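Undergrad: Dropping a structure here in structure tokens format, bear with me for questions.
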Amino acid sequence: MKKFFFVVIVILSGIGTERAFACRQEYVLVGPNGSESMIDASSTTRVALGETYTLRIEYYEDHRNCTAVPEETMFLLDGARWRVNRETQPLVLTATPEWNRPLSRTNIGEVTFYAAEAGTWRVEIIRTCTRDGYTGWLEFEVS
4 MKKFFFVVIV
14 ILSGIGTERA
24 FACRQEYVLV
34 GPNGSESMID
44 ASSTTRVALG
54 ETYTLRIEYY
64 EDHRNCTAVP
74 EETMFLLDGA
84 RWRVNRETQP
94 LVLTATPEWN
104 RPLSRTNIGE
114 VTFYAAEAGT
124 WRVEIIRTCT
134 RDGYTGWLEF
144 EVS
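The letter at position 15 of the sequence shown is residue 18 when you use this note's numbering, and the numbering goes up by one with no holes.
Shown next, in the form of structure tokens:
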């Protein structure tokens, strides 16, 4: 009977740790003057209308052999694909996101955008992979 409970505990603890395999993300916003500030996921950050910013995304693979390459990361702006130089979007993506891999499980991407329209805009970052992936969002309040 003790073996049975031990096996059940091991199985249940494995279910709880499955989400631990998801990638971990950190965000840094680089302002027009070069200042850097950490941004918490699911938070709102103020940016100035008419200015250009760079969002640096660092993600750490918590597992080996991730099948999703960084370039497959999807960015949505208020639910629509965030596309380069789309002037109809309130935050104009000025270039394709650039990624580099300084360490074997660390990926750093930079997304540069222009704050073109006042308001509060949500950017979703989505990574889909077999190990639970990642979905997070940031809000930018443009004024």
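Virtual Cβ for every residue (Gly too), placed ideally from N, Cα, C.
Values in this document were obtained by computation on a predicted structure and should not be read as measured data.
Check each candidate in Thr123, Glu61, Thr57, Phe143 and name the one with the smallest Cα separation from Gln28.
TA: One-based indexing of the sequence shown puts residue 28 at position 25. When each option's Cα is compared against that of Gln28, the closest is Glu61.
Undergrad: List the DSSP bridge partners of Thr55.
TA: In the sequence shown, residue 55 corresponds to position 52, counting from 1. DSSP output for Thr55 lists Tyr117 as bridge partner(s).
Undergrad: Measuring CA to CA, which of Glu54, Cys26, Ile42, Glu64 is closest to Ser107?
TA: As a position in the sequence shown, residue 107 is number 104, starting the count at 1. Checked all of Glu54, Cys26, Ile42, Glu64; the closest Cα to Ser107 is Glu64.
Undergrad: Which same chain residues, not among the five before or five after Gly34, have their C-beta less than 7 Å away from its C-beta?
TA: The residue given as residue 34 occupies position 31 in the sequence shown. In chain order, Tyr56 place their CB closer than 7 Å to the CB of Gly34, counting only its own chain and leaving out the 5 sequence neighbours on each side.
Undergrad: Taking the straight line between their C-alpha atoms, what separation do you get for Leu58 and Leu141?
TA: Within the sequence shown, numbered from 1, the residue matching residue 58 stands at position 55. Within the sequence shown, numbered from 1, the residue matching residue 141 stands at position 138. Near 10 Å, if we compare the C-alpha coordinates of Leu141 and Leu58.
Undergrad: Is it buried or exposed for Leu52, if we count other Cβ within 10 angstroms and need 16 for buried?
TA: Residue numbering aside, residue 52 sits at position 49 when the sequence shown is read from its first letter. Looking at its Cβ environment, which holds fewer than 16 other Cβ atoms inside 10 Å, Leu52 is exposed.
Undergrad: Between the Cα of Val72 and the Cα atoms of Glu144, Arg104, Val50, Ala83, which residue gives the shortest distance?
TA: Residue numbering aside, residue 72 sits at position 69 when the sequence shown is read from its first letter. When only C-alpha atoms are compared, the closest one is Arg104.
Undergrad: Specify the secondary structure class of Phe8 as computed by DSSP and reduced to three states.
TA: Reading the sequence shown from its first residue, position 5 is the one you call residue 8. Confidence in Phe8 is poor, its pLDDT being 47 and thus under 50, which makes the residue's placement too unreliable to answer from.
Undergrad: Looking at the structure shown, is Glu74 part of a helix, part of a strand, or coil, going by DSSP?
TA: Position 71 of the sequence shown, counted from the start, is the residue given in the question as residue 74. In the structure shown, Glu74 sits in a helix (DSSP, three-state: H, G or I).
Undergrad: For Pro93 versus Gly139, is the C-beta spacing smaller than 7 Å?
TA: Residue 93 sits at position 90 when you count from the first residue of the sequence shown. Residue 139 sits at position 136 when you count from the first residue of the sequence shown. No.
Undergrad: Go ahead and label Arg130 buried or exposed: buried means 16 or more other beta carbons lie within 10 angstroms of its beta carbon, across all protein chains shown.
TA: For the purposes of this step, residue 130 is identified with residue 127 of the sequence shown, where counting begins at 1. Label assigned to Arg130: buried.
Undergrad: Run the CB neighbour count on Thr76, radius 10 Å, all protein chains shown included, and call it buried at 16 or more, exposed below.
TA: Residue 76 sits at position 73 when you count from the first residue of the sequence shown. That one is buried.
Undergrad: Any idea what DSSP makes of Arg89, helix, strand or coil?
TA: Position 86 of the sequence shown, counting from 1, holds the residue named residue 89. Of the three classes helix, strand and coil, the one that applies to Arg89 here is coil, per DSSP.
Undergrad: When you measure from the CB of Val114 to every non-hydrogen atom of the ligand GTP, does any distance come out below 6 Å?
TA: For the ligand GTP, the structure offers nothing, since it holds no ligand at all.
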